[in-house]
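Offset between the sequence shown (1-based) and the numbering used here: plus 6. We put the beta carbon where it would ideally sit given N, CA and C, even for glycine. Given the structure is predicted, the values throughout are model-derived calculations rather than measurements. Worksheet: the structure to be examined is printed underneath.
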Amino acid sequence: MAIVIKSSREIELMRQAGKIAAGARSIARQMIEPGVTTRAINKEVFHFIKKSGAEPTFLGYSGYPASACISVNDQVIHGIPGARKLQAGDIVSVDVGATYKGFVGDCAGTFPCGTCGEEALRLIAVTRQSFFEGIRQARSGKRVSDISAAVQQYAEGAGCSVVRDYVGHGVGARMHEDPEVPNYVQRGRGSPRLVQGMTIAVEPMVNMGTWEVKVLSDGWTVVTADGSLSAHYENSILITDGEPEILTVADDHWL
Ligand code: MF3
Ligand code: CO
């Protein structure tokens, strides 16, 4: 499948979808505290997206049963919300998607529940910063692999590892479009050139221990192979003629 360049009308709809997705991320972030179930967070995410006139992109995607992915501690991504009660010291990754007038906003973040250990807070900060290091390279004329290299260098330089089995992606009328946006460099592989009007989701998944992961028997939940903590940070962005524009920005401007 080819990379889709968005028109200015499509970009405006991507901004609106992005704002709704980011708003849902903020709702989830504000709910995170000891005793709250991941199911309760998912429910509020669902209501916020619907109330905003959008559809929860994840719900029913390949059979996924919820509106948000909520992944705790050693869970990397695709955690299914349920009866689990969050505990003080947990780190909680929330990934949400909203489809508005045919366009998708996709974003994620990892948040501390109550008081967390220093190493957990550092992992969250390293993961978030690796995204911003990556998107400094997200300019017309550069390659996707320039983003990948910057994310990997920063995360590994901080003593963490980047997940390889899951990658960022083009985003638009569909949640997953070309190109793939890995968070590591694949030696000897060509990489697409970035062009103004491309919209991509950059989403580092960073582990404290090994980069290796496995999928639990529920068929969805991805966990670190060694049980170490993992964090995730994602925004949908637009390639412009200058700095990239982050599309998943809510009214509270939390990033
Ligand atoms: N935001 C994610 C991604 O970029 C997760 C979607 S998984 C789903 O792939 F199945 F729940 F939709
Ligand atoms: Co994504």
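To the nearest angstrom, report how far apart residue i and residue j are at their CA atoms.
i, j, result
"P250", "F138", "11 Å"
"G194", "V157", "18 Å"
"L261", "A207", "14 Å"
"G225", "Q202", "37 Å"
"E183", "G103", "14 Å"
"V169", "H175", "14 Å"
"E16", "T254", "15 Å"
"A27", "A256", "8 Å"
"I83", "L235", "12 Å"
"Y190", "E209", "11 Å"
"I153", "R21", "22 Å"
"E18", "A179", "13 Å"
"L200", "A114", "23 Å"
"G95", "T43", "15 Å"
"G108", "E61", "9 Å"
"Q93", "P198", "43 Å"
"V5", "I38", "Any answer about residue 5 is impossible in this case: the structure gives the chain only from 7 up to 261."
"G123", "I47", "23 Å"
"G165", "G248", "31 Å"
"F64", "I76", "12 Å"
"S68", "G88", "19 Å"
"T227", "G85", "5 Å"
"A72", "G66", "7 Å"
"A144", "V150", "8 Å"
"T205", "L244", "5 Å"
"S58", "R45", "20 Å"
"L127", "P118", "7 Å"
"T116", "M181", "20 Å"
"T133", "G24", "20 Å"
"G140", "D171", "18 Å"
"I9", "K56", "29 Å"
"P188", "A231", "19 Å"
"S13", "K148", "21 Å"
"G196", "E125", "36 Å"
"K49", "G41", "15 Å"
Can we count residue i as close to ligand 1, meaning its CB is less than 8 Å from some heavy atom?
i, result
"D112", "yes"
"I83", "yes"
"A207", "yes"
"F137", "no"
"M20", "no"
"F109", "no"
"M211", "no"
"G140", "no"
"T63", "yes"
"Y67", "yes"
Could you check how far apart the C-beta atoms of residue i and residue j are, in whole angstroms? I think they sit under 8 Å.
i, j, result
"V177", "E186", "Contact doesn't hold; Cβ gap of about 12 Å is too wide."
"M214", "H238", "Not a contact, Cβ separation roughly 13 Å."
"A142", "V100", "Looking at the sequence shown, residue 142 is not Ala but Arg. Not a contact, Cβ separation roughly 25 Å."
"A155", "S136", "That belief does not hold up - the Cβ atoms of A155 and S136 are roughly 11 Å apart, past 8 Å."
"V110", "A74", "So it is not a contact: roughly 14 Å between Cβ atoms."
"G233", "D80", "5 Å"
"T216", "S146", "Going by Cβ atoms, the distance from T216 to S146 rounds to 35 Å, so no, they are not a contact pair."
State yes or no: is the C-beta of residue i nearer than 8 Å to some heavy atom of ligand 2?
i, result
"D171", "no"
"E240", "yes"
"G225", "no"
"V177", "yes"
"G174", "yes"
"D80", "no"
"D101", "yes"
"I181", "In the sequence under discussion, the amino acid at residue 181 is Met, which differs from the Ile named in the question. It does: the Cβ of M181 is within 8 Å (strictly closer) of some heavy atom of ligand 2."
Nearest chain C C-beta to residue i closer than 9 Å, yes or no?
i, result
"V173", "Included in the structure is just one protein chain, with no chain C present."
**OP:** Could you tell me which uninterrupted alpha helix (DSSP H) segments, each at least 4 residues in length, are contained entirely in the region 173-243, listed from first to last along the chain?
**Re:** The qualifying runs do not exist here; there are none.
Subject >> Whole beta strand (DSSP E) elements within the region 106-185, 3-residue minimum >> reply: 109-118 and 174-176
**OP:** Evaluate the contact criterion for the region 213-222 versus the region 15-32: three or more CB pairs, one atom per stretch, below 8 Å.
**Re:** no
Original post:
Where are the alpha helix (DSSP H) runs, 4 residues long or more, that stay fully inside the region 34-74, in chain order?
Top reply: Residue ranges of uninterrupted alpha helix (DSSP H) with 4 or more members, entirely inside the region 34-74 and ordered along the chain, are 44-57.
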